[in-house]
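Student: To convert, take the position in the sequence shown, counting from 1, and add 776; that gives the numbering used here. All C-beta atoms, glycine included, are put in the ideal place defined by N, C-alpha and C.
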Amino acid sequence: MCRHLAYLGDPVTLREVVIEPVSGLYRQSWAPRRQRHGTVNADGFGIGWYADGDPAAARYRRAGPIWADPDFADLARVTRSTAILAAVRSATEGTAAGAEAAAPYGQGRWLFSLNGAIAGWPDSVAELAARRLAPVELLSLEARCDAALVWALVLRQLRDGADPADALATVVADIAAHTTARLNLLLTDGHVIAATTWGDVLGYRARPGGVLVASEDPEESPDWTDLPDRTLLRATRHGVELRPLPDPAAELEALTSPHRSSPGRTNTR
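1. With DSSP run on the structure shown, which of helix, strand or coil describes Val-793?
2. List, from N- to C-terminal side, the alpha helix (DSSP H) runs of 4 residues or more that fit wholly inside the region 809-883.
3. Just curious, the beta strand (DSSP E) that Pro-911 is in, first and last residue?
4. Count the other CB atoms, across all protein chains shown, that sit within 10 Å of the CB of Ser-916; report buried if there are 16 or more and exposed otherwise.
5. Checking the sheet assignment: what are the DSSP bridge partners for Leu-961?
6. Between His-954 and the rest of its own chain, which residues show a CB-CB distance below 8 Å, the 5 nearest in sequence each way excluded?
7. Looking only at its chain, what residues have a beta carbon closer than 6 Å to the beta carbon of Pro-787, apart from the 5 residues adjacent to it on each side?
8. Does the Cβ-Cβ distance between Thr-868 and Asp-922 come in under 8 Å?
9. Considering only the alpha carbon of each residue, which of Val-977, Arg-958, Leu-961 and Arg-1013 lies closest to Gly-985?
10. Less than 8 Å between the beta carbons of Phe-888 and Leu-963, yes or no?
11. To which residues of the same chain is Asp-999 closer than 6 Å at the C-beta, ignoring the five residues directly before and after it?
12. By alpha-carbon positions, which one of Pro-994, Leu-1018, Thr-1001 and Leu-1021 ends up nearest to Val-798?
13. Could you tell me whether any non-hydrogen atom of the ligand GTP is closer than 7 Å to the CB of Cys-921?
14. At the level of alpha carbons, what is the spacing between Arg-1010 and Leu-790?
15. Measuring CA to CA, which of Arg-885, Asp-819 and Arg-958 is closest to Gly-829?
16. Within 10 Å of its beta-carbon, does Asp-850 have 16 or more other beta-carbons around it, so buried, or fewer, so exposed?
17. Looking at the structure shown, is Leu-978 part of a helix, part of a strand, or coil, going by DSSP?
18. Ignore the nearest five residues each way along the sequence and tell me which others in Glu-913's own chain have a CB closer than 6 Å to its CB.
19. What does the alpha-carbon distance come out to for the pair Trp-806 and Ala-949?
20. What did DSSP end up calling Val-989 once you bin it into helix, strand or coil?
Have a look at this one:
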């Protein structure tokens, strides 16, 4: 549905990360190589970054395709940062249009992006949203779309003190317990990247200068690592940690299976 990336490392221009790579995010807006759902990403784009001495992230978002915005090319040429999160959007049917629906979503030091979709949205997650979020949080969604709701759920976890990776894992598990969904999430505060793979491709490249996590390898490089589906990633510029995400549906099926052994007993013939 979308393509996105997050970078932590030595200072680079936005152009170096987004535009210059031969198969970078800029090109993925019209010619993604590995996109499973949709063919182009022309329904908006956004980029977030951090300026020296300011912990709050800056964002630049537009409703149209990234290649049609001459101002972005100029901005990308002169803006440098040690942390970047960017996305190009292919809108889910029935969701809002406009710049406010384009990732990255953000608040304070946080930047967030969703590559995916929630089946049956919004009805399928209405009970979850009402249980997890206060009315003012629901009324304050940046846009009427599944990505904005997922971001609100993640932000609630962060406000409650959750580690970034744990916040993503909790939200993925909550949504997966209610409906089928594709939930490739990216989150950063400028120091840590947290990400999930759940139904779509994601990978990373770790080098001495920093780490890049993205939907697709922008350079077709030999040091790129594709992540297995249903993986949780936590990365800093110094290293990457991975762990599997639990599948609530599979766990429920195992618990309710008529062939499941009773605790403390062994099946015999």
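Tutor: Walking through what the data contain:
1. helix
2. 846-854
3. Looking at the DSSP string, Pro-911 is not in any beta strand (DSSP E); the run it does join, the alpha helix (DSSP H), is 911-915.
4. exposed
5. Leu-890
6. Ser-900, Val-901, Glu-903 and Leu-904
7. Arg-856 and Thr-858
8. yes
9. Arg-1013
10. yes
11. Arg-981
12. Pro-994
13. As presented, the structure is devoid of all ligands, the ligand GTP included, so that no description of it is given.
14. 22 Å
15. Arg-885
16. exposed
17. coil
18. Ala-928
19. 32 Å
20. strand
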